[in-house]
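Since the structure comes first, as structure tokens, the remarks are kept for the end.
2 protein chains.
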Amino acid sequence: MLTPDSLDTTPEAAVGVAGPVPGHPGVYRVMVTTSLGDAYPVEVGPGILRRLPELLEERAQAHRYVVIGDKQVMRFHAHRLGTVLEDAGLRVDSVEFPEGEEHKTRTEWARLTDTLLKLGVGRDGCVLALGGGVTGDLAGFVAATYMRGVPVVQLPTSLVAMVDSSVGGKTGVDVPAGKNLVGAFHPPRLVLADTDLTRTLPRAERSQGLVEAVKHGAIADGDYLARIQELAPRLLEGEENSTAQIVIRSVEIKAGVVSRDEREGGLRQVLNFGHTLGHALEAASEYRLPHGTAVAVGMVLEARLGERLGVTRSGTARHLEAVARALDVPVAPPPGLPLEKALDHLKRDKKVRGGEVRFVLLDEPGQVHRGEAGSEAWSHPVPARLVREVLQSSGSVDD
Amino acid sequence: MLTPDSLDTTPEAAVGVAGPVPGHPGVYRVMVTTSLGDAYPVEVGPGILRRLPELLEERAQAHRYVVIGDKQVMRFHAHRLGTVLEDAGLRVDSVEFPEGEEHKTRTEWARLTDTLLKLGVGRDGCVLALGGGVTGDLAGFVAATYMRGVPVVQLPTSLVAMVDSSVGGKTGVDVPAGKNLVGAFHPPRLVLADTDLTRTLPRAERSQGLVEAVKHGAIADGDYLARIQELAPRLLEGEENSTAQIVIRSVEIKAGVVSRDEREGGLRQVLNFGHTLGHALEAASEYRLPHGTAVAVGMVLEARLGERLGVTRSGTARHLEAVARALDVPVAPPPGLPLEKALDHLKRDKKVRGGEVRFVLLDEPGQVHRGEAGSEAWSHPVPARLVREVLQSSGSVDD
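Chains A and B supply the protein sequences, listed in that same order.
Okay, so the first sequence: first residue is 0 according to numbering that gives the first Met the number 0, each after it adds one.
Okay, so the second sequence: first residue is 0 according to numbering that gives the first Met the number 0, each after it adds one.
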């Protein structure tokens, strides 16, 4: 049994500390505060989908609910979810979209919106986003903009959604110019991560999903990073207690960060570690490179940038490589990836300020480098020449 | 010269009281608070567009600015605005869209977004929405969703935008199922209403724009309603001091309401007075009925609903009719309008809660009827039968 004492809680995560839910052994709750001053719970545990009606009553009362999910997830989980809600006397509709990041578009957002309008859903409706990162973003953006905003509840089914994307209120869609360039901050009323749902995940998806947990370790908790490496074999097999432990610790770290800076003005930037180069590599691959791999390579290269600048403790990049390898995630861009395109893409990054690309850098594993006080303290301009060098040398590090 | 003492300030508007801007005779500022706890100024006065660089420096510093406006407004005002900003050394681009409510669509929103992406505007950009209500909504929604939100400054050029739509943070677009059904709350950093810009407005547009001021009087200030009626001839001619006085008082009332309830959970509903039936009539006319006329008719009919229910003082509907007539605005739906379609549309209204249509009702001109405490206190369910009766009898009241 997992106990709160078994979780390392660094001072950084003080506002997001997991506590047991009384009367529900194995279930933990982490609170996340939003920029509006309110707070929502993230509950993690095995089989807790059945707690949903009770939690909706507590956190997201609505005249009716609409489950949004992709066809594949709906095939797996919609029946059970529908039964749980209908048994509780709640009014539920389900709306599907085709699976895959290529459907996280304005077109699909418009189609889902029009479907909700056709169903006659009013402002007193509530969206239940059932699925992985794509669904959380897309259904979240539908909720964010439906009649200027209806509540959304995040019901992550993938590991990456549980450890990361379901928490923090980011929603959005991809556009031809890049990923997530259109969206809104729309904090959920509730996040419910039923770790039982991860049982059916393929090993490769587990592997990819755990990369965001590695990032949490890299930016906030060196011991956690070591623990992920140690638990890697069990995590890849889907062993439940280890999985729940990782989800809870990652949610704590993420909750701690976003509670203090929901809108990315300052501290939240640290969550971009590995993502600035990661996104550029993904774009250069025309999104054939899986997100987890892209972020893993991004973290290794951004650690190397820090090492080259004399900011990051030598060996940090190697350490991150080792953890990623333990999770079976490649740590170098695939041969033939057009690195020039990645460099072009960097210039269009959302995080560009005043035309200059900024990076989150580490002091060492578990600790982000902090500059002067102020909102810019969490990221640092890096000369374009150095970025080019590190990126070009990365091709030689073969996996 | 207008002085603050010449403005009636009801207790309701206490949080939004106009004060003179020192050193700028004739310029008044009203503060509006948002649900995030911050506040933005609305400045009103003749020729104050030249104050824009100073106000941007104070309220919306950005790496670059993008003016969004329709072709017609840009033809009139873009040159002057561009000169003012460039003389101050600011980097400015302009983006146009075709004029008319029929372009307040997801398609135009996507096109404008893609244009900003093509220009390489980053998160440190700021949108300047130059125009009437359509532009404020559309450009505001572009800003609300561009990279999950960039700042917007509202520069209203029409009377309806100055007295009403530029204040309060509502943004959005129309969809086939209805108006404003997709959108976001995105409070501006600053609203600057240069009353000089209203000089070139056609009389019919003035007339339409003043309907929202009538609504402000109807819900919050009976004396203001009387003043609008008295000033009507001068307002329709575009007399400057009267126009400024009306803009300021309306901004005070609107600011007072939205400061206490930005997101329409409670008090803000009072701003829907006249709009529930008004929107239904607009929709039934396939948006051939001008918005101002629709709202004027809506106010008269909703006042009549209240009278029929014994809630609203007898004679209130007649009083509102008289003010609308003084402004040359029709007070009955045009002959042949399919009222059955309006009733259908009501059922799909955003304000429907639990399947029941609710209306804001008046006690008397200047005072909204308040029910039991709680968020539902500001609107009241009205039997469908009564709505049908009042709507059907309205055809006989000819203008």
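Backbone N, C-alpha and C fix where the C-beta goes; we use that ideal spot for every residue, glycine too.
Within chain B, the C-beta atoms nearer than 8 Å to that of residue 184 of chain A come from 147, 148, in chain order.
Runs of the alpha helix (DSSP H) lying entirely within the region 58-120 of chain A, each at least 4 residues long, are 78-86, 105-117 in chain order.
Judged by DSSP in its simplified three-state form, residue 16 of chain B adopts coil rather than helix or strand. Look at residue 112 of chain A: its C-beta is under 7 Å from a C-beta on chain B.
For the region 225-240 of chain B, no residue has a beta-carbon sitting nearer than 7 Å to a beta-carbon of chain A.
The residue from B:67, B:69, B:52, B:300 with its alpha-carbon nearest to that of residue 61 of chain B is B:52. When secondary structure is reduced to three states using DSSP, residue 185 of chain A falls in the coil class, being assigned neither helix nor strand. Scanning its chain for C-beta atoms nearer than 7 Å, with the 5 sequence neighbours on each side dropped, one finds around residue 303 of chain B the residues 316, 389, in chain order. In this structure, residue 20 of chain B lies away from residue 29 of chain B, with their beta-carbon atoms at least 7 Å apart. When Cβ-Cβ separations below 7 Å define contact, residue 378 of chain A makes no contact with chain B.
Identification of chain A residues near residue 180 of chain B by a Cβ-Cβ cut-off of 7 Å yields 116, 146, ordered along the chain. In this structure residue 299 of chain A is in contact with residue 319 of chain A, their Cβ atoms being roughly 5 Å apart against a cut-off of 8 Å. By the Cβ test, the region 175-193 of chain B is in contact with the region 135-155 of chain A, since at least three Cβ pairs between them sit closer than 8 Å. Interface flag for residue 383 of chain B against chain A is unset, since no Cβ pair is found closer than 7 Å. Separation of residue 88 of chain A and residue 129 of chain A (C-alpha to C-alpha, rounded to the nearest whole angstrom) is 19 Å. Taking residue 203 of chain A as reference, the option from A:91, A:370, A:324 with the minimal CA-CA separation is A:324. Separation of residue 125 of chain A and residue 222 of chain A (C-alpha to C-alpha, rounded to the nearest whole angstrom) is 39 Å. DSSP, reduced to helix, strand and coil, places residue 242 of chain A within a helical segment of the structure shown. Taking the CA atoms as reference points, residue 170 of chain B sits about 22 Å from residue 91 of chain B. Here residue 284 of chain B has 336 as same chain residues with Cβ atoms under 6 Å from its own Cβ, once five neighbours each way along the sequence are excluded. Annotation for residue 347 of chain A: 176, 177 place their beta carbon closer than 8 Å to its own, counting only its chain and skipping 5 residues before and after. Your pair residue 359 of chain B and residue 377 of chain B checks out as a contact, with CB atoms roughly 6 Å apart and the cut at 8 Å. For residue 204 of chain A, the enclosing alpha helix (DSSP H) has its first and last residue at 202-219. Between residue 327 of chain B and the set B:334, B:168, B:295, the nearest pair of CA atoms involves B:295. Nearest C-alpha to residue 361 of chain A among A:386, A:276, A:272: A:272. Going by DSSP, residue 315 of chain B is part of the alpha helix (DSSP H) stretching over 315-325.
Taking the beta carbon of residue 35 of chain A as reference, the chain B residues within 7 Å of it are 34, 35, listed in sequence order. Around residue 174 of chain A, the beta-carbon contacts reaching into chain B at under 9 Å are 109, 112, 113, 116. Here the C-alpha atom of residue 371 of chain B lies approximately 43 Å from the C-alpha atom of residue 45 of chain B.
With 16 or more other CB atoms across the displayed protein chains lying within 10 angstroms of its CB, residue 255 of chain A is buried. Of the other Cβ atoms in all chains shown, fewer than 16 fall within 10 Å of the Cβ of residue 321 of chain A; this residue is therefore exposed. Against chain B, the beta carbon of residue 132 of chain A has no neighbour under 9 Å; the closest one sits roughly 15 Å away.
Of the other Cβ atoms in all chains shown, fewer than 16 fall within 10 Å of the Cβ of residue 313 of chain B; this residue is therefore exposed. Burial check for residue 86 of chain A: the Cβ neighbour count within 10 Å stays below 16, so the residue is exposed. Residue pairing by DSSP places residue 260 of chain B opposite no residue, since no beta bridge is assigned to it.
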